[in-house]
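All remarks here apply to the structure that follows.
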Amino acid sequence: FSPVARTVHLHLQGLIFITRPVPSVHHILPVPFAPVLPVRVFLERPLPSPPVSPVDITLCQALLKSGPMDYIIQKTSELGVNRILPFVSERTVIRPDRKGFQTKARHWQEIARNAATQSDRAVPVDIGPLYSFEDLVAHLEGQDALKVILWENEKSRDLKGVLAETPVSYTHLTLPTKR
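Going by the working numbering, the first residue of the sequence shown is number 719, and it counts up by one from there.
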């Protein structure tokens with residue numbers, strides 16, 4: 719017996735589903751509907767981890783200052799992005815040298831691992847090498863995937879409509895708008 723600390727509980731039809739903050743460990747615990755505390759429970763059976771998404775998403779992200787970039791990596795990892803390809807464009811303010819980028823990439827990979835654990839993803843997002851915008855376009859040119867550049871002034875097509883017409887591999891390019 720050990721106390722179950724820091725868990726998420728979902729009560730459903732006389733069962734409590736408990737997930738621990740350890741990736742891929744879920745258990746179903748039969749518990750009386752209105753238990754008297756303290757409760758002793760026994761693990762009935764482990765639940766399988768969620769499957770890997772069949773949708774392959776690559777986010778091409780122009781470098782941002784540390785806080786916003788960390789946030790993008792965390793949230794896109796939690797949402798299921800497979801890889802992030804950082805790049806420097808004409809309007810990019812942050813322009814790290816090779817060593818500076820390697821330090822940032824290690825930091826971002828740690829954020830991605832933590833986000834994967836938090837969202838129970840089997841594999842964290844992969845942080846790719848740093849590209850120039852021109853090299854990134856050349857790198858993506860031969861890939862069989864929908865490539866989307868969002869633009870705030872688009873009038874004729876929306877993202878929902880574009881995605882409804884396409885396969886399960888996506889590349890999204892995010893450009894900075896201000897210098």
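Positions of the beta carbon are idealized from the N, C-alpha and C atoms, including for glycine.
Query: In angstroms with no decimal places, state the Cα-to-Cα distance between Lys-822 and Gln-792.; Result: 14 angstroms
Query: Can you list, in chain order, the residues of its chain with a C-beta nearer than 7 angstroms to that of Phe-819? Leave out the 5 residues immediately preceding and following it.; Result: Leu-848
Query: Could you give the uninterrupted runs of the alpha helix (DSSP H) lying entirely in the segment 759-807, keeping only those of 4 residues or more?; Result: 784-797
Query: Any idea if Trp-826 is buried or exposed, counting beta-carbon neighbours within 10 angstroms, 16 or more meaning buried?; Result: buried
Query: CB-CB under 6 angstroms to Val-770, same chain, minus the five flanking residues each way: which ones, in chain order?; Result: Ala-840
Query: Quick check: the Cα distance between Arg-724 and Ile-790, rounded to an integer number of angstroms?; Result: For Arg-724, the predicted model reports a pLDDT of 43, less than 50, meaning its position is unreliable; a value from the coordinates is still stated below. The straight-line gap from Cα to Cα measures roughly 26 angstroms.
Query: From what residue to what residue does the alpha helix (DSSP H) around Lys-873 run?; Result: No alpha helix (DSSP H) holds Lys-873; DSSP gives it neither H nor E.
Query: What first and last residue would you give for the beta strand (DSSP E) that runs through Ile-829?; Result: Counting along the chain, Ile-829 falls outside any beta strand (DSSP E), though it belongs to the alpha helix (DSSP H) covering 816-836.
Query: Distance check for Lys-878 and Gln-779, CA to CA, integer angstroms please.; Result: 20 angstroms
Query: According to DSSP, simplified to helix, strand and coil, what is Val-843?; Result: coil
Query: Say whether the segment 792-811 touches the segment 866-873, bearing in mind that this needs 3 or more beta-carbon pairs closer than 8 angstroms, one atom from each stretch.; Result: no
Query: Along the chain, where does the alpha helix (DSSP H) containing Glu-858 start, and where does it finish?; Result: The question names Glu, but residue 858 is Leu in the sequence shown. Here the alpha helix (DSSP H) through Leu-858 covers 851-859.
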